[in-house]
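Peer 1:
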Amino acid sequence: MSEVNCIFCKIMRGELPSHRVCESERTVSFLDLFPAALGHTLIVTRDHYENIYEIPPEVLAEIATESHRVAGAQREALRPEGLGVYQLNGAPAGQTVFHYHMHLIPRMPGQGLELHGRKEASSEELSGIAAKIAAKLPST
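Just add 591 to wherever you are in the sequence shown, counting from 1, and you've got this note's numbering.
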């Protein structure tokens, strides 16, 4: 998929809205519009890399650092009993947006292990959750 048509690239360029949690030099973290669970957050590279085979190691390291920060904030804000951390490469692995990203999905007992939600969350709900998580982020 080209950068022109990529939904995440459109979010990075400000062409589509998002409910941002935080940003770093090379990443943006925002809530999934179709969450698999409350607080489902995506850590996305600012530049377009389709998968783990294309992403430079220093950008991959920043994804890991930001994932760690956001995961801690999710734990403080949402108090999940577990956290699914997923990164998918290629359609056979379940990748649906071909722009490198990490899923952080807070989990509670009894929830399934879905990676992609089927119902779009309301903008109001997402704004509130993003603000709760952002408020718990440690300083950089």
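We put the CB at the ideal spot given by N, CA and C, even for glycine. These numbers were taken from a predicted model, which means no experiment stands behind them.
#1: Return the first residue and the last residue of the alpha helix (DSSP H) that P648 is part of.
#2: Any heavy atom of the ligand MG inside 8 Å of the beta-carbon of A682?
#3: Given this structure, state the Cα-to-Cα distance separating I646 from Y640, to the nearest angstrom.
#4: Please classify T632 as buried or exposed, where buried requires at least 16 neighbouring CB atoms within 10 angstroms.
#5: Here's the rule I'm using: 16 or more other beta-carbon atoms within 10 Å means buried, otherwise exposed. How should I634 be labelled?
#6: Which runs of the alpha helix (DSSP H) fall wholly inside the segment 679 to 729 and span at least 4 residues, in chain order?
#7: Which class does I602 belong to by DSSP, given the choice of helix, strand or coil?
#8: If the criterion is Cβ atoms closer than 9 Å, does the pair A622 and A726 meet it?
#9: From P648, L674, R670, pick the residue whose C-alpha is nearest to that of Y659; which is it?
#10: List the whole-angstrom C-beta distance separating V650 from R617, where the pair is believed to meet the contact cut-off of C-beta under 8 Å.
#11: Spatial neighbours of I724 within its chain, please: CB distance less than 6 Å, with the 5 preceding and 5 following residues excluded, ordered by chain position.
#12: One question on the structure: do H694 and F599 come within less than 9 Å of each other, judged by their Cβ atoms?
#13: Does DSSP put Y677 in a helix, a strand or coil?
Peer 2: The structure says:
#1: Within the sequence shown, the letter at position 57 stands for residue 648. It spans 648 to 669 - the alpha helix (DSSP H) in which P648 sits, taken as one unbroken run.
#2: In the structure shown, the ligand MG is absent, as is every other ligand, since no ligand is present at all.
#3: Mapped onto the sequence shown, residue 646 falls at position 55. Mapped onto the sequence shown, residue 640 falls at position 49. Approximately 6 Å between the Cα atoms of the pair.
#4: By one-based count along the sequence shown, residue 632 stands at place 41. So T632 ends up on the buried side.
#5: Along the sequence shown, one-based indexing puts residue 634 at 43. Buried is the call here.
#6: 714 to 726
#7: As a position in the sequence shown, residue 602 is number 11, starting the count at 1. I602: helix per DSSP, three-state reduction.
#8: What you label residue 622 is simply residue 31 of the sequence shown in a count that begins at 1. What you label residue 726 is simply residue 135 of the sequence shown in a count that begins at 1. Here residue 622 turns out to be Leu, not Ala, going by the sequence shown. Against a cut-off of 9 Å, the Cβ pair of A726 and L622 comes out as no contact.
#9: Counted from its first residue, the sequence shown places residue 659 at position 68. Checking the displayed sequence, the identity of residue 659 turns out to be His instead of Tyr. Nearest of P648, L674, R670 to H659, Cα basis: L674.
#10: Reading the sequence shown from its first residue, position 59 is the one you call residue 650. Reading the sequence shown from its first residue, position 26 is the one you call residue 617. Their Cβ separation, rounded to whole angstroms, is 5 Å, which keeps V650 and R617 in contact under 8 Å.
#11: Taking the first residue of the sequence shown as position 1, residue 724 is located at position 133. Answer for I724: V612, A664, Q665, A668, listed in chain order.
#12: If you number the sequence shown from 1, residue 694 lands on position 103. If you number the sequence shown from 1, residue 599 lands on position 8. No, the pair does not count as a contact, with Cβ atoms beyond the cut-off.
#13: Within the sequence shown, numbered from 1, the residue matching residue 677 stands at position 86. Strand, per DSSP.
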